[in-house]
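Chemist: Residue numbers (the numbering used here), protein chains in the order written: chain A, 1 to 321; chain B, 1 to 253. Backbone N, C-alpha and C define an ideal beta-carbon position, used for all residues, glycine too. My questions will all concern the structure given below.
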Amino acid sequence: MIKVQNLCKSFGPIAAVNGLSFSVERGEILGFLGPNGAGKSTTMRMITGFIPPSSGSVTIGGEDMAEKPIICKRMIGYLPENAPAYTDMTVSEFLQFAAELRGMRGNRTQQAVDRVVEMCSLKTVLHQSIETLSKGFRHRTCFAQAIIHDPDILIMDEPTDGLDPNQKHEIRALIRRMGEEKAIIFSTHILEEVEAVCSRAIIIDRGRIVANGTPQELKNRSETAGAITVRLTGVSTAVANTKLTQLPLVAKTTILEAPAPVASVRVFPKPNGKEGELGLGIYELATREQWKIEELRCEEGRLDDVFRSITLSETATEKSS
Amino acid sequence: MKTITSSWGPIRTIIKRELAGYFASPVAYVFIVIFLLLVGFFTFMVGGFFERGEASLTSFFIWHPWLYLFFLPALGMRLWAEEKRMGTIELLLTMPVTAWQAIVAKFLAAWLFLALTLILTFPLILTVNYLGRPDNGVILSGYVGSLLLGGSYLGVSSMTSAITRNQVISFILSVVICLFLILAGWPPVTDFLTRLLSGSTWLVDTVAACSVMTHFEGFQRGVLDTRDILFFLSIASFGLFTTGVIIRSRRAG
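Below is the structure:
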């Protein structure tokens, strides 16, 4: 549905986006990650046709955005950053305006407005001016505008920014539900959101893609992925650490902080070890030594770590996939 | 025909929204009330409506270039600056609407608003018709000219509004440009230019030809000259065209 090829954008001498290529199909939810200023918003603005790319192309549903902008824009629903809206209008006027600009007339307009008002729970503020709305309602109003024509493609720039946890949860559920039959791209800094919602994530930094995969694949790139954290009692930290290091499957260990009687150690497996082997090894060691295991946990890897290590490292740009 | 109707749809929607926007805020009411008060003041007090002893609206139309000089930049300054400031321009231009449709629609909305304000000056027409036998054709032509004059100012304001997200800057720039359009044909200025460019009267004439004053004069006398009409329309179109270029180039970064 969305195909981006070699997309570049420079503002004067600064290259904001530098050679992005990716595609999103129906039924996919793509999370767009990256530090501030990485080029997320610029990319989205090019995909939605708000700004023209310096080079490269955007294809929406098989049509080129540069050649047939109107046809492309019809297929897209867009929630810009900070959820702008005409503050002098009421929610219902605003949604009607959006519906009419989308080419709806008469009865269909009202039906479309009713549908999104229901989906975004805007009934209580329908006749309030947007100026007076809280940030959450305002955000949802702009979100409602984006889905008013039930688009095949939905592009959202930080859709949960500034919402409270309940509202975030609601919006995420809505995105997940719509992701079943649409192609969705959304940007965020919140990594848990990517895990909760996306089927695939792209991390961009300084205008380039530095990682592209399912959230699980990305997490596996984390240093701690596959490591095992144990909390033991009945043994001193130093002794536990030495014994654990001597296990044949262990590459290295790190001591974690824990209150006095507890020894807490993170054990990293050798790269060729089989899944589950290390855990079993630690368990057997503990039984032999008569340590009590308080906790034995296999680390999944944290997206935060991956994000940080990728976007902070100097060589990040060379690893681009 | 089909393309005309299909491109008219979004234009109509945007015009509707813009007009509703004027009336949703105090802008519209302040504009109309103050404009009518000032028009009345200048027509009767300064222009000597009664002292002239003639049933005409000459003392009314004569002030329009000057009143518009401040009122229309104030009306036009928000056209694009406001969209930029609020970020709604991103919303508007990612809708299935071309930039031209949006530009024309916003301009037409402001122009229609001006037309509405002019319609509200109808008591003046009633007054002169009550007091004497004016040539209503001349009055009508005066109104047409005034509307065209206003259109050219609004085109300029649309352009300056696209340059900046700051409405004050937009206002000042368009006042300056409109002032130039007035003064270029004002006798003291043309006299000064004649002395400065001694001999080359064609240059002075060229500058003077850019003035809205010379072109507006005909309308006040009841003469609808195609050249004058074209002059105002081309200033307005130039303003709108430049608006498009500016908006496009701003997005191109």
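1) For the segment 182–263 of chain A, which segments carrying the beta strand (DSSP E) assignment without a break, of at least 3 residues, lie completely within its bounds, in sequence order?
2) From the DSSP output, in three-state form, read off A:Phe94 for me.
3) Are the segment 172–183 of chain A and the segment 269–279 of chain A in contact at 8 Å, needing three or more beta carbon pairs?
4) Specify, as a first and last residue, the run of the alpha helix (DSSP H) that B:Ala74 falls within.
5) Within the 7 Å Cβ cut-off, does B:Glu90 reach chain A?
6) Considering just the uninterrupted stretch of the alpha helix (DSSP H) at B:Cys178, what are its terminal residues?
7) Let me know the secondary structure DSSP gives B:Met45 once reduced to three states.
8) Could you tell me the boundaries of the beta strand (DSSP E) in which A:Cys298 lies?
9) By the three-class DSSP mapping on this structure, what secondary structure does A:Asp157 have?
10) Tell me where the alpha helix (DSSP H) around A:Thr43 begins and ends.
11) For a minimum of 4 consecutive residues, which ranges assigned as the alpha helix (DSSP H) are wholly contained in the segment 104–166 of chain A?
12) Quick one: what's got a C-beta closer than 6 Å to A:Thr160's C-beta in the same chain, skipping five residues either side?
13) May I ask you to list the residues that DSSP assigns as paired with A:Pro20?
14) What in chain B is Cβ-close to A:Ile70, meaning under 9 Å?
15) Indicate the three-state DSSP secondary structure (helix, strand or coil) for A:Glu81 in the structure shown.
16) Counting only beta-carbon atoms, is A:Leu101 nearer than 7 Å to chain B?
17) Would you check if the distance between the CB atom of B:Gly151 and the CB atom of B:Trp111 is smaller than 7 Å?
18) Taking CB distances under 7 Å as the criterion, tell me whether A:Ile51 reaches chain B.
19) Going by alpha carbons, who is nearest to A:Val235 out of A:Ala196, A:Gly49, A:Ser57 and A:Arg288?
20) Taking C-alpha atoms, which residue in A:Leu296, A:Ile175 and A:Lys252 lies nearest to A:Thr233?
21) Below 7 Å between beta carbons: does that hold for B:Thr214 and B:Gly185?
22) At the level of alpha carbons, what is the spacing between A:Asn6 and A:Ala16?
23) Could you tell me the alpha carbon to alpha carbon distance between A:Glu28 and A:Arg200, rounded to whole angstroms?
24) Could you tell me the boundaries of the alpha helix (DSSP H) in which B:Phe216 lies?
25) Run through chain B and tell me which residues come within less than 7 Å of A:Arg74, C-beta to C-beta.
Modeler: Short version:
1) 183–187, 200–205, 208–213, 228–233 and 250–256
2) Taking the first sequence and counting its residues from 1, the one referred to as residue 94 of chain A is at position 94. Here A:Phe94 sits in helix by DSSP.
3) no
4) Within the second sequence, numbered from 1, the residue matching residue 74 of chain B stands at position 74. From DSSP, the alpha helix (DSSP H) with B:Ala74 extends over His64 to Gly76.
5) Along the second sequence, read from residue 1 onward, the residue named residue 90 of chain B stands at position 90. Yes, its Cβ sits closer than 7 Å to a Cβ of chain A.
6) Within the second sequence, residue 178 of chain B is the residue found at index 178, counting from 1. It spans Gln167 to Leu183 - the alpha helix (DSSP H) in which B:Cys178 sits, taken as one unbroken run.
7) Numbered from its first residue, the second sequence carries residue 45 of chain B at position 45. Correct three-state label for B:Met45: helix.
8) Along the first sequence, read from residue 1 onward, the residue named residue 298 of chain A stands at position 298. Counting along the chain, the beta strand (DSSP E) containing A:Cys298 begins and ends at Lys292 to Cys298.
9) Residue 157 of chain A sits at position 157 when you count from the first residue of the first sequence. Three-state DSSP puts A:Asp157 in a strand.
10) Reading the first sequence from its first residue, position 43 is the one you call residue 43 of chain A. Unbroken alpha helix (DSSP H) run through A:Thr43: Lys40 to Ile47.
11) 106–119 and 135–146
12) Reading the first sequence from its first residue, position 160 is the one you call residue 160 of chain A. So the qualifying residues of the chain are Lys168 and Ile171.
13) For the purposes of this step, residue 20 of chain A is taken as residue 20 along the first sequence, with counting starting at 1. The residue asked about is misnamed: residue 20 of chain A is Leu in this sequence, not Pro. BP columns for A:Leu20 point to A:Leu7.
14) Position 70 of the first sequence holds residue 70 of chain A. The contacting residues are Pro96, Val97 and Thr98.
15) The residue given as residue 81 of chain A occupies position 81 in the first sequence. Correct three-state label for A:Glu81: coil.
16) Residue numbering aside, residue 101 of chain A sits at position 101 when the first sequence is read from its first letter. Yes, because at least one Cβ of chain B sits closer than 7 Å to the Cβ of A:Leu101.
17) On the second sequence, residue 151 of chain B is found 151 positions in, with the first residue counted as 1. On the second sequence, residue 111 of chain B is found 111 positions in, with the first residue counted as 1. Yes, the pair counts as a contact, with Cβ atoms nearer than the cut-off.
18) Taking the first residue of the first sequence as position 1, residue 51 of chain A is located at position 51. For A:Ile51, the answer is yes, since a Cβ of chain B falls inside 7 Å of its Cβ.
19) Counting from one through the first sequence, the residue named residue 235 of chain A turns up at place 235. Ranking A:Ala196, A:Gly49, A:Ser57 and A:Arg288 by Cα distance to A:Val235 puts A:Arg288 first.
20) Sequence index remark: in the first sequence, residue 233 of chain A carries index 233 (1-based). Taking only the C-alpha atoms, the option nearest A:Thr233 is A:Leu296.
21) By 1-based counting over the second sequence, the position of residue 214 of chain B is 214. By 1-based counting over the second sequence, the position of residue 185 of chain B is 185. Yes, they are a contact pair.
22) Stepping through the first sequence from its first residue, residue 6 of chain A is reached at position 6. Stepping through the first sequence from its first residue, residue 16 of chain A is reached at position 16. Approximately 13 Å, taken between the alpha carbons.
23) Locating residue 28 of chain A in the first sequence gives position 28, counting from the first residue. Locating residue 200 of chain A in the first sequence gives position 200, counting from the first residue. Approximately 7 Å between the Cα atoms of the pair.
24) Here residue 216 of chain B refers to the residue found at position 216 when the second sequence is read from its first residue. First-last of the alpha helix (DSSP H) with B:Phe216: Val212 to Gln220.
25) Residue mapping note: residue 74 of chain A aligns to position 74 of the first sequence, counting from 1. Simply Pro96.
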